[in-house]
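A short write-up of the structure that comes next.
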Amino acid sequence: MLGWDIRVLAMIDKRLLIDELQVKLVKDKGDYGGFVYDEPFTLSPVRFDRNLATAGKDNARQETKPSVIFIYPKYCKTVADRSWVDAVVIDGDTEYTVDKVIPVYHPLTNKIFCFEVEVI
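This note's numbering puts the first residue of the sequence shown at 1424, with every later residue one more than the last.
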């Protein structure tokens, strides 16, 4: 016995899903190594954990924004898969690029609990 109820892992309060994002998936490879994107669609309600990481200092300082979007299929009827890699996520005036999509499975039912979409 673990001492705690594993069913707690399966619950997420919808009030925590406060973010609304725009996503443009890759439609085709463009000229000169770029991408052609589909029309944006709205991704809501989701949780977007923004992060800012810096390396170096003074004039050699570089900033990256390794952030994570949590998509819960119970509340947001969107399925994230490998086709999302290199897609553009728009949060207000900031654009992020999808780096990785990780499906998280429920420990008891082995069904998808949520998707973690890592963006930079």
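Where is the CB? At the ideal position from N, CA and C, for every residue including glycine.
| query | result |
| --- | --- |
| Find the nearest neighbour of Leu1439 within the set Thr1477, Tyr1495 and Ala1510, judged by alpha-carbon distance. | Tyr1495 |
| Glu1541 and Asp1514 look like a contact to me (Cβ under 8 Å); what is the Cβ gap, rounded to whole Å? | The Cβ separation is near 14 Å, so there is no contact. |
| Going along the chain, which residues of its own chain have a beta-carbon closer than 6 Å to the beta-carbon of Met1424, five neighbours each way excluded? | Residue confidence for Met1424 is low, a pLDDT of 43 falling below 50, so the modelled location carries little weight; the figure read from the coordinates is stated next. Correct list: empty, nothing qualifies. |
| When you compare the stretch 1444–1454 with the stretch 1464–1473, are there three or more beta-carbon pairs, one atom per stretch, that lie closer than 8 Å? | yes |
| One question on the structure: do Val1524 and Phe1536 come within less than 8 Å of each other, judged by their Cβ atoms? | no |
| Count the other CB atoms within 10 Å of the CB of Tyr1455; is the residue buried (16 or more) or exposed (fewer)? | exposed |
| Going by Cα to Cα distance, which pick from Cys1499, Leu1531 and Val1527 is closest to Ile1441? | Cys1499 |
| I need the straight-line Cα distance from Phe1493 to Val1502, nearest angstrom please. | 11 Å |
| Note the first and the last residue of the continuous beta strand (DSSP E) segment covering Pro1526. | Thr1517 to Tyr1528 |
| Tell me the rounded alpha-carbon separation between Asn1474 and Leu1531. | 31 Å |
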